[in-house]
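In this note's numbering, the protein residues as written are 13 to 223. Everything below concerns the one structure shown next.
Take a look at the structure:
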């Protein structure tokens, strides 16, 4: 094994240890009641090591954000020419559910995640910012995959509708799980809303290269 490979593996392991320690503490005590020093102590690293991996405390909670963005980008970068971009994103939602993706974790663990966000103003603010950033990611990926100008208003409208649809589906699915504790039913709620929202999105994008 090359030294750089070993270093990369060590770095990933350290990052995961920090994230796991932070998540455990956030779930147990609430995001706002946990300090960086406490996270470092549980993870067995120094304070500066924490900041080397996570510039902000919120980044430890939303540690899968970058991976989620890449999934969206790759869906459109690897687009089958026979599948329009909006339909490719629709199929992605179904694929994530079929794979029981950790992004759609309608379970007790998922409920702990939602409860932690609801109990923290900084986390709620960061979640809203991530939503806006994801809309920009989608808009940029859309224009790139069909060769449109970056400022194409149709792409930005499509991205906003898509994020509104997925966001509503996510919240409503978690609410259904909270009531019935049935993950299969929650996944059904998620997909039903995504399906209806996609119909509306396709109607709004008629005459554009996105459908």
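Virtual Cβ for every residue (Gly too), placed ideally from N, Cα, C.
Which residue's Cα is closest to the Cα of residue 120: 52, 187 and 201? Position 108 of the chain shown, counted from the start, is the residue given in the question as residue 120. Nearest option by C-alpha distance: 187.
Do residue 116 and residue 147 have their C-beta atoms closer together than 9 angstroms? Sequence index remark: in the chain shown, residue 116 carries index 104 (1-based). Sequence index remark: in the chain shown, residue 147 carries index 135 (1-based). Cβ distance not < 9 angstroms, so residue 116 and residue 147 don't count as in contact.
Residue environment, residue 96, which counts as buried when at least 16 other CB atoms sit within 10 Å: The count along the chain shown starts at 1 and reaches residue 96 at position 84. Looking at its Cβ environment, which holds 16 or more other Cβ atoms inside 10 Å, residue 96 is buried.
Nearest by alpha-carbon distance to residue 255: which of 126, 221 and 168 is it? Shown here, the chain extends from 13 to 223; a query on residue 255 therefore has no answer.
Buried or exposed: where does residue 62 fall if 16 or more other Cβ atoms within 10 Å of its Cβ makes it buried? Counting from one through the chain shown, the residue named residue 62 turns up at place 50. Buried is the call here.
Whole-angstrom distance between residue 18 and residue 122, CA atom to CA atom: Position 110 of the chain shown holds residue 122. Position 6 of the chain shown holds residue 18. Roughly 33 angstroms separates the two Cα atoms.
Is the beta carbon of residue 169 less than 9 angstroms from the beta carbon of residue 160? Taking the first residue of the chain shown as position 1, residue 169 is located at position 157. Taking the first residue of the chain shown as position 1, residue 160 is located at position 148. Not in contact: residue 169 and residue 160 (Cβ atoms no closer than 9 angstroms).
From 100, 32, 72 and 98, pick the residue whose C-alpha is nearest to that of residue 139; which is it? Residue 139 sits at position 127 when you count from the first residue of the chain shown. It is 72.
Short of 8 angstroms in beta carbon distance, which residues of its chain neighbour residue 203, apart from the five on each side in sequence? Order them along the chain. Residue numbering aside, residue 203 sits at position 191 when the chain shown is read from its first letter. Taken in chain order, the residues that qualify are 105, 106, 109 and 181.
Could you check the C-alpha separation between residue 51 and residue 33 for me, to the nearest Å? Walking along the chain shown from the start, residue 51 turns up at place 39. Walking along the chain shown from the start, residue 33 turns up at place 21. Roughly 6 angstroms separates the two Cα atoms.
Residue 68 to residue 152, Cα distance in whole Å? Mapped onto the chain shown, residue 68 falls at position 56. Mapped onto the chain shown, residue 152 falls at position 140. The alpha-carbon atoms of residue 68 and residue 152 are separated by roughly 25 angstroms.
So, for residue 164: in the same chain, excluding its five sequence neighbours on each side, which residues have a beta-carbon less than 6 angstroms away from its beta-carbon? Here residue 164 corresponds to residue number 152 of the chain shown, with the count starting at 1. The answer, listed in chain order, is 155.
Tell me whether the beta-carbon of residue 26 lies closer than 9 angstroms to the beta-carbon of residue 57. Position 14 of the chain shown holds residue 26. Position 45 of the chain shown holds residue 57. Yes, Cβ-Cβ distance for residue 26 and residue 57 is below 9 angstroms.
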